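Numbering (the working numbering), first residue to last: 1 to 270. Note that CB positions come from ideal geometry on N, CA and C, so glycine has one too. Predicted, not measured: the structure shown is a model, and the values here were computed from it. Reading through the structure tokens given below for one structure.
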Amino acid sequence: MQATTVGQDQIEAFQRDGAIVLRGVFRDWVEPLRDGFEQVLAAPGPYAIENVRPGETGRFFEDYCNWQRIEPFARFIRHSPAAALAGRLMGAQRVQIFHEHILVKEPGTAKPTPWHQDIPYYCVSGLQTASYWIPLDPVTRDNTLRVVLGSHRWPKLVRPKRWATNENFFAGADDFMEMPDVEDGSYTLLAPELEPGDAVLFDFHTVHGAAGNPGGNRRRAFSARFLGDDVRYVARPGRTSPPFPGINQQDGERLREDWFPVVWSADGAA
Numbered sequence: 001m002q003a004t005t006v007g008q009d010q011i012e013a014f015q016r017d018g019a020i021v022l023r024g025v026f027r028d029w030v031e032p033l034r035d036g037f038e039q040v041l042a043a044p045g046p047y048a049i050e051n052v053r054p055g056e057t058g059r060f061f062e063d064y065c066n067w068q069r070i071e072p073f074a075r076f077i078r079h080s081p082a083a084a085l086a087g088r089l090m091g092a093q094r095v096q097i098f099h100e101h102i103l104v105k106e107p108g109t110a111k112p113t114p115w116h117q118d119i120p121y122y123c124v125s126g127l128q129t130a131s132y133w134i135p136l137d138p139v140t141r142d143n144t145l146r147v148v149l150g151s152h153r154w155p156k157l158v159r160p161k162r163w164a165t166n167e168n169f170f171a172g173a174d175d176f177m178e179m180p181d182v183e184d185g186s187y188t189l190l191a192p193e194l195e196p197g198d199a200v201l202f203d204f205h206t207v208h209g210a211a212g213n214p215g216g217n218r219r220r221a222f223s224a225r226f227l228g229d230d231v232r233y234v235a236r237p238g239r240t241s242p243p244f245p246g247i248n249q250q251d252g253e254r255l256r257e258d259w260f261p262v263v264w265s266a267d268g269a270a
């Protein structure tokens, strides 16, 4: 039986640092998630992205918003400990699924995942947010997720960029700060070695990135993103990622539950 409880020290660490490492909690879900990856790779969804440009080495593939058609992903979201753990660490009474995201870096891929925050790309605002990064292959310090601890408390959002080209994601938007040099030694970085079934859970506001995958082994990572009580819809100055066409919501509204169902509640109703 996998643990669905967290201690007060873990809750405080997540709230303080904006990220926490959870060891072994999804070990039983590694094979189902790998099966889901193969299903997506065989039949990518409409939002699939190839980040490696002509002349660059390897392959860096992403896809998201497939959980409703990929049964292992739906099962993970509804039946794994993920939503319950996220809810307790966020301090939420109810948890909605936002979306899932897969990332594949094949051996010899030089392309990094650039430093960024997730929330400027999203159509949501709020403090109770949680994103899992779950490796399905052993991860070393050379290709792991890297997180800037405490960055979820920065006073402004970081300007979002397009990963493949480094162009501004939103044309003309000036309400963002530029990404500082987080590798200059003045920031505290988390860069854990991980085994399949471990996880990093982080706030949507937390700055993170990853190097390429220079070694000889594949690096697959599964993300599932959850929303707590205070999250509301917000219009961004352009097409968001994911775009959610036809969402038909106004600023300040709770996200519609037919698209983003409640998957856990503290009272056990979900």
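Quiz item: Which of the three DSSP states, helix, strand or coil, is assigned to Asp9?
Solution: Helix, per DSSP.
Quiz item: Roughly how many angstroms lie between the CA atoms of Met1 and Asn248, to the nearest whole one?
Solution: Reliability fails at Met1, whose pLDDT of 36 lies under 50, so the model's placement of it is uncertain and no value is given.
Quiz prompt | Pairwise C-alpha distance: Asn51 and Ala43 | solution = Each residue's alpha carbon lies about 18 Å from the other.
Quiz item: Where do the ends of the beta strand (DSSP E) carrying Gly87 lie?
Solution: Taken as a continuous stretch (DSSP letters only), Gly87 belongs to no beta strand (DSSP E), being part of the alpha helix (DSSP H) at Ala82 to Met90.
Quiz item: With burial defined as no fewer than 16 other Cβ atoms inside 10 Å of the residue's Cβ, what is the status of Arg81: buried or exposed?
Solution: Sequence check: residue 81 is Pro here, not Arg. Its Cβ being crowded by 16 or more others within 10 Å, Pro81 is buried.
Self-check item: Test item: CB-CB of Ile77 and Ala221 under 8 Å
Solution: Taking C-beta atoms as the reference points, Ile77 and Ala221 fail to come closer than 8 Å.
Quiz prompt | Rounded separation between Val40 and Met90 - CA only | solution = When rounded, the separation of the alpha-carbon atoms in Val40 and Met90 is 30 Å.
Quiz item: Considering only residues of the same chain and omitting the five flanking positions on each side of Ala173, which have a CB-CB separation below 7 Å?
Solution: Contacts found: Pro237.
Quiz item: If you follow the alpha helix (DSSP H) that Ile70 is part of, which residue opens it and which one closes it?
Solution: Judged by DSSP secondary structure, Ile70 falls outside any alpha helix (DSSP H); it is assigned neither H nor E.
Self-check item: Whole-angstrom C-beta distance between His116 and Pro155, which should lie under 8 Å
Solution: For Pro155 against His116, the beta-carbon gap comes to about 17 Å, at or over 8 Å, which does not count as contact.
Practice problem: With distances taken Cα to Cα, identify the nearest neighbour of Asp118 among Arg141, Gly252 and Phe202. | Solution: Asp118 has its Cα closest to that of Phe202, out of Arg141, Gly252 and Phe202.
Self-check item: Local conformation of Phe170 per DSSP, three classes
Solution: If DSSP states are grouped into helix, strand and coil, Phe170 belongs with coil.
Quiz item: Can you tell which of Ala19, Ser265, Pro114 and Ala110 has its C-alpha closest to the C-alpha of Glu167?
Solution: Closest option to Glu167, Cα to Cα, is Pro114.
Quiz item: By how many angstroms is the C-alpha of Ile49 removed from the C-alpha of Val207?
Solution: Whole-angstrom Cα-Cα distance: 21 Å.
Quiz prompt | 8 Å Cβ cutoff met for Phe260 and Ala83 | solution = Contact: no.
Quiz prompt | Assigned secondary structure, Val40 (DSSP; H/G/I helix, E/B strand, else coil) | solution = In this structure, Val40 counts as helix in the three-state DSSP scheme.
Exercise. Whole angstroms is fine: what's the gap from Val262's alpha carbon to Gly268's?
Key: Between Val262 and Gly268, the C-alpha separation is close to 11 Å.
Exercise. Give me whichever residues DSSP pairs with Thr129 in a beta bridge.
Key: DSSP lists Leu227 as partners of Thr129.
Quiz item: For Gln96, which three-state DSSP category applies?
Solution: Three-state DSSP puts Gln96 in a strand.
Quiz item: Which residue comes first and which comes last in the beta strand (DSSP E) that contains Ser265?
Solution: Start and end: Val262 to Ser265.
Self-check item: CA-to-CA distance, Arg16 to Asp142, given in whole angstroms
Solution: Approximately 26 Å, taken between the alpha carbons.
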